[in-house]
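Asker: Numbering (the working numbering), first residue to last: 944 to 1206.
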């Protein structure tokens, strides 16, 4: 009996420690900014809960589509310049934001906070810049994919692009700690798998079978759960470089997807 009690007590301590560590295991913000690309304008927004966040606006003359780019859980917007240049080459406007706690944005990241950050960016596009919702495409990479799906279930958008998405933080946590019931303890759930069928816009999902961080089956499950019209594009490469390793496939799929939205 004493051994069982000690085992349960030890398990409880481990689970409480993981719960306490959760934000540090989920969010990896970087405050140090790299130089901005040419032609970028700084954007400052205030969220509904009063947090000041920072972003970059990359305009393209006469662009029919505006992309709201929501990055992954590490670094900041200045670490996405290669992808931003690829998007600029497609002649689209792009607004990319740093979530609270990232880059020059104030605050501390958490699930509802990142949702509020994305909503502030969307409102800026549709209200301040007067972009029609049907011309706004929400693009989310990794963690940003979960935020993009949440936003697209709340507001009208012209399209949704997800790159290397996960089904939920609970599923990811269970993958990391398969012998512990961590799925039920996470606070920042990001349950994309429960929401994706509520998207009423064309959907494009990129995922690589050799993604070493988020299993390929996560992207496949999300695609299966989503409504039509939808498209799944398999990339080559790892979690952070698939868009470069598969640049030809990536660019072509983006170009075709965006072109269909403007027909």
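For glycine and all other residues, C-beta sits at the position ideal for the given N, C-alpha and C. Bear in mind that the values here come from a model prediction, so they are computed numbers and not experimental data.
1) Grouping DSSP H, G and I as helix and E and B as strand, with all else coil, what is residue 1042?
2) Quick one: what's got a C-beta closer than 6 Å to residue 1069's C-beta in the same chain, skipping five residues either side?
3) What residues in its chain sit with their C-beta under 7 Å from that of residue 1210, if we drop five residues either side in the sequence?
4) Along the chain, where does the beta strand (DSSP E) containing residue 1150 start, and where does it finish?
5) Here's the rule: buried if 16 or more other CB atoms are within 10 angstroms of the residue's CB, otherwise exposed. What is residue 974?
6) May I have the straight-line CA-CA distance separating residue 1149 from residue 1176, to the nearest angstrom?
7) Below 7 Å between beta carbons: does that hold for residue 1038 and residue 998?
8) Quickly, what does DSSP pair residue 1036 with across the bridge? List them, please.
9) Under DSSP, the alpha helix (DSSP H) around residue 1087 begins and ends at which residues?
10) Exposed or buried, which one is residue 1143 when buried takes at least 16 other CB atoms within 10 Å?
11) Rounded to whole angstroms, what is the Cα-Cα separation between residue 1140 and residue 1157?
12) Could you check where the beta strand (DSSP E) with residue 1174 kicks off and where it finishes?
13) Identify every run of the alpha helix (DSSP H) within the segment 1043–1076, keeping only runs that are complete inside it and at least 4 residues long; order them along the chain.
14) Could you check where the beta strand (DSSP E) with residue 988 kicks off and where it finishes?
15) Is the segment 1088–1099 touching the segment 1186–1200 in the sense that three or more CB pairs, one from each, lie closer than 8 Å?
16) Which residues bound the beta strand (DSSP E) around residue 1103?
17) Can you list, in chain order, the residues of its chain with a C-beta nearer than 8 Å to that of residue 1172? Leave out the 5 residues immediately preceding and following it.
18) Taking C-alpha atoms, which residue in 1112, 986 and 1134 lies nearest to residue 901?
19) What number of angstroms, rounded off, separates the C-alpha of residue 1021 from the C-alpha of residue 1080?
Answerer: Checking against the coordinates, here is how it stands:
1) Counting from one through the chain shown, the residue named residue 1042 turns up at place 99. Coil, per DSSP.
2) Stepping through the chain shown from its first residue, residue 1069 is reached at position 126. Hits under 6 Å: 1076.
3) With the chain covering 944 to 1206 only, the question about residue 1210 has no answer from this structure.
4) For the purposes of this step, residue 1150 is identified with residue 207 of the chain shown, where counting begins at 1. Here the beta strand (DSSP E) through residue 1150 covers 1146–1150.
5) Start at 1 with the first residue of the chain shown, and residue 974 comes out as number 31. With fewer than 16 other Cβ atoms within 10 Å, it is exposed.
6) The residue given as residue 1149 occupies position 206 in the chain shown. The residue given as residue 1176 occupies position 233 in the chain shown. Distance between the alpha carbons of residue 1149 and residue 1176: 5 Å.
7) Counted from its first residue, the chain shown places residue 1038 at position 95. Counted from its first residue, the chain shown places residue 998 at position 55. Yes. Within cutoff.
8) What you label residue 1036 is simply residue 93 of the chain shown in a count that begins at 1. According to DSSP, which records beta bridges pairwise, residue 1036 is partnered with 1009.
9) For the purposes of this step, residue 1087 is identified with residue 144 of the chain shown, where counting begins at 1. Here the alpha helix (DSSP H) through residue 1087 covers 1086–1095.
10) Taking the chain shown and counting its residues from 1, one reaches residue 1143 at position 200. Flag for residue 1143 reads exposed.
11) As a working note, residue 1140 is residue 197 in the chain shown. As a working note, residue 1157 is residue 214 in the chain shown. Distance between the alpha carbons of residue 1140 and residue 1157 is about 20 Å.
12) To locate residue 1174, count along the chain shown from 1; it is residue 231. Taken as a continuous stretch (DSSP letters only), the beta strand (DSSP E) holding residue 1174 covers 1173–1177.
13) 1054–1066
14) Residue mapping note: residue 988 aligns to position 45 of the chain shown, counting from 1. 984–989 is the extent of the beta strand (DSSP E) around residue 988.
15) no
16) Numbered from its first residue, the chain shown carries residue 1103 at position 160. It spans 1102–1106 - the beta strand (DSSP E) in which residue 1103 sits, taken as one unbroken run.
17) By one-based count along the chain shown, residue 1172 stands at place 229. Same-chain partners within the cutoff: 1145 and 1146.
18) Here the chain comprises residues numbered 944 to 1206, so residue 901 is not present and cannot be evaluated.
19) One-based indexing of the chain shown puts residue 1021 at position 78. One-based indexing of the chain shown puts residue 1080 at position 137. Approximately 21 Å between the Cα atoms of the pair.
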